[in-house]
Amino acid sequence: MKRLQLSDGNEIPCIGFGCYKALGQEATDAVACALGAGYRYIDSAANYNNEAEVGEGLKKSPVPREEFFLLSKIWPSFYGNPKKSLQKTLTDLGTNYLDCCLLHWPGLDTSKRLRTYEFLLEMRDKGIVRSVGVSNFSEENLEEIRQEFGAYPVINEIECHPTFQQRELIRFCAARGIQIVSYSPINRGVDLDHEILRTLANKYKKSAAQIILNWHIQHDQIPIPKSVHRERILENIDLFDFSLTPEEISAVDALECGARRGKDPRVFPAEGE
Ligand SMILES: NC(=O)c1ccc[n+]([C@@H]2O[C@H](COP(=O)([O-])OP(=O)(O)OC[C@H]3O[C@@H](n4cnc5c(N)ncnc54)[C@H](OP(=O)(O)O)[C@@H]3O)[C@@H](O)[C@H]2O)c1
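So in the working numbering, the last one in the sequence shown is 281, and the numbering has no gaps at all.
Below you can see the structure in the form of structure tokens.
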């Protein structure tokens, strides 16, 4: 598994496993299955309300803790008490450290956002969090972090798939050493039906999902596909035996049409604010 180097020197696998909307026993089984299939980055969050089940999956797997990258996130309604949120995450996941913790959403309260980020930096100094990043942050949000703390976050996890690529924000991040993690990488299945993807799938004897995930990896964006089905969990990581040509990458790039799936973080207040 190829790994990428973050700007703080730590390494992260080039693909991860998403845990949003995996519930109950399905979440436990999916996480254990993902580690068994070779995923070495698990993308969790306090706000997914399933970290105890994700933690059960981590425990069920024979893969030792130090062999996988475990990421979680703090949601803005906990920015007033991030210590409590992080403690619950660590307890639920059954670990005493995170490889990375993100501020999940910028929210509208600048002071709480900055103080929570500062708390994560303190946790990094104590070794409880190895890398500190953000999610859904705009150029302005990232600049605000740099001005306050002197350095950019090492990760920005953002919505990114062929029909909504956020190229400008990605260019901004690339120029500043901020690693992009692509969430909803296959647009929850909606992007799979485009003709160019079917053509490339036929050519490489792969699925449209595999073509898209490979496209992310070739752009140095880390995709974190979610599935609770064993065959899809295996399919989504079976990507390392082919490469798209530069022309094929451009053809997938051309699917961009501004089709944002989630809420716009620049204007959407987080609940509890
Ligand atoms: N930071 C944020 O604000 C944020 C927001 C959203 C998501 N995320 C993270 O990103 C992860 C992935 O995003 P996502 O869950 O929104 O969307 P996604 O990974 O693009 O798509 C997941 C959906 O596609 C289906 N699927 C998975 N593999 C497939 C395949 N090979 N063929 C056909 N369908 C397939 C899954 O169904 P089954 O499960 O039924 O197989 C599920 O319904 C999340 O789980 C979460 O960790 C982060």
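We put the CB at the ideal spot given by N, CA and C, even for glycine. It should be emphasised that the depicted structure is a prediction, and the values quoted were computed from it without experimental measurement.
When the options are compared against residue i, the one with the closest alpha-carbon
i           : options            : result
residue 116 : 102, 211, 138, 148 : 148
residue 216 : 179, 169, 255      : 169
residue 257 : 220, 233, 51       : 220
residue 228 : 259, 269, 185      : 185
residue 42  : 231, 238, 261, 275 : 238
residue 269 : 205, 179, 167      : 167
residue 50  : 210, 22, 204       : 22
residue 245 : 46, 205, 19        : 46
residue 195 : 60, 160, 263, 137  : 263
residue 211 : 89, 233, 105, 250  : 250
residue 191 : 40, 9, 27          : 27
residue 131 : 88, 152, 107       : 107
residue 15  : 118, 105, 40, 160  : 160
residue 53  : 98, 76, 67, 72     : 98
residue 80  : 203, 120, 189      : 189
residue 183 : 225, 164, 172, 62  : 164
residue 153 : 254, 118, 70, 35   : 118
residue 254 : 31, 223, 181       : 223
residue 78  : 146, 104, 226, 177 : 104
residue 44  : 31, 146, 33, 66    : 66
residue 175 : 146, 72, 162, 157  : 146
residue 20  : 113, 187, 34       : 187
is_contact[residue i, chain B] using C-beta, thresh 8 Å
i          : result
residue 97 : The chain labelled as chain B is not found in the depicted structure, where only one protein chain is given.
Nearest-angstrom Cβ-Cβ length linking residue i and residue j, presumed shorter than 8 Å
i           : j           : result
residue 124 : residue 110 : Not confirmed; about 11 Å, so no contact.
residue 83  : residue 58  : At roughly 13 Å, the Cβ-Cβ gap does not stay under 8 Å, so residue 83 and residue 58 are not in contact.
residue 38  : residue 241 : 7 Å
residue 140 : residue 150 : Actually they do not touch by this definition, with Cβ atoms about 13 Å apart.
residue 36  : residue 68  : 6 Å
Where residue i falls, given that 16 or more other Cβ within 10 Å makes a residue buried
i           : result
residue 218 : buried
residue 48  : buried
residue 142 : buried
residue 248 : exposed
residue 93  : buried
residue 272 : exposed
residue 74  : exposed
residue 24  : buried
residue 213 : exposed
residue 179 : exposed
residue 199 : buried
residue 201 : exposed
Residue i, DSSP secondary structure in three states
i           : result
residue 164 : strand
residue 23  : coil
residue 233 : coil
residue 251 : coil
residue 138 : strand
residue 186 : coil
residue 173 : coil
residue 110 : strand
residue 221 : helix
residue 11  : strand
residue 276 : coil
residue 150 : helix
residue 31  : coil
residue 258 : helix
residue 78  : strand
Any alpha helix (DSSP H) of 4 or more consecutive residues that is wholly inside the stretch 36-74
Correct list: 59-68.
Which ranges would you report for the alpha helix (DSSP H) in the stretch 81-125 if only whole runs of at least 4 residues count?
The DSSP assignment places 90-101 as complete runs of the alpha helix (DSSP H) inside the stretch 81-125, in order along the chain (cut-off: 4 residues).
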